Structures are given as structure tokens and as C-alpha cells.
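First residue of the sequence shown: 58, per this note's numbering; consecutive thereafter. Quick reminder that beta carbons are idealized off the backbone N, C-alpha and C, glycines included. Computed from a prediction, not measured in an experiment: that's the story for all the values here.
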Amino acid sequence: MIIKDLLHKLESSTHPMAGALHAGENFRVLVVTFKKGMILKEHKAHLPSRLTVVNGKVVYKENDKNLELSRYDYTDIPVEIMHSVEALEDSVCFLTQG
58 MIIKDLLHKL ESSTHPMAGA LHAGENFRVL VVTFKKGMIL KEHKAHLPSR LTVVNGKVVY
118 KENDKNLELS RYDYTDIPVE IMHSVEALED SVCFLTQG
């Protein structure tokens, strides 16, 4: 239900929407939804993380690296490194932390 709720909220949003799909003591799985052109602005991950594209296409940007990710592609996100994500298409991603 969380994914449907986020997609519904995304319809009227000007920025990506995110929510917890599952969480435990030492981990968290977030769903991040984007409309084409939306950007998750630069930020740092404080835990080891992995971004997995479930649907759509995004560009993961880290320093001079621009990595295009399509459905089922993933990338690991280093701890304490500035990065951002831009949607090339309407997209749904899982962010696994911990």
C-alpha cells in the first residue's frame, strides 16, 4: 500500500516522495518515487546504501560520475559522499540502508 500511497501523493508534488517500506533495528528499506525531471538534491548517506530502480530510469550523480540506471539496475552508495538522483522517466526506486 505504501507504494500506491506515494504514487498518489506524487501526482500533486513538485519533489520526489519517499516512505519506509520496511525497517528494523539496523536497516531500512525506503521507496522513492519520481516524476520525470524531478531531482533528489545533493545529500550524503550516513549508512551503507543501495539504490535499485524498480520502474523507470534515473541518473545517479556522484562527483564526476553520472550513472544511468534502468529497471532492475542498482548502484551502491558510499557513506558520507555527496550525491543526487535525477529522474529521466517517471520512476520508482528502492533505497536499502544498513
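Valine 89 is a Cβ neighbour of alanine 75, given a cutoff of 8 Å. Rounded to whole angstroms, the gap between the alpha carbons of glutamate 119 and glycine 94 is 18 Å. When C-alpha distances from glutamate 146 are compared across Leu78, Gly81, Lys98 and Val116, the shortest belongs to Val116. Isoleucine 134 and glutamate 125 have their C-alpha atoms some 14 Å from each other. For histidine 140, there is no enclosing alpha helix (DSSP H); the residue is part of the beta strand (DSSP E) that begins and ends at 140-144. Per DSSP, histidine 65 is one residue of the alpha helix (DSSP H) stretching across 59-67. Here DSSP, grouped into helix, strand and coil, assigns serine 70 to coil.
Judged by DSSP in its simplified three-state form, lysine 101 adopts coil rather than helix or strand. Distance from the Cα of lysine 101 is smallest, within the candidate group Lys66, Arg107 and His140, for His140.
Taking tyrosine 131 as reference, the option from Ala144, Asp121 and Cys150 with the minimal CA-CA separation is Cys150.
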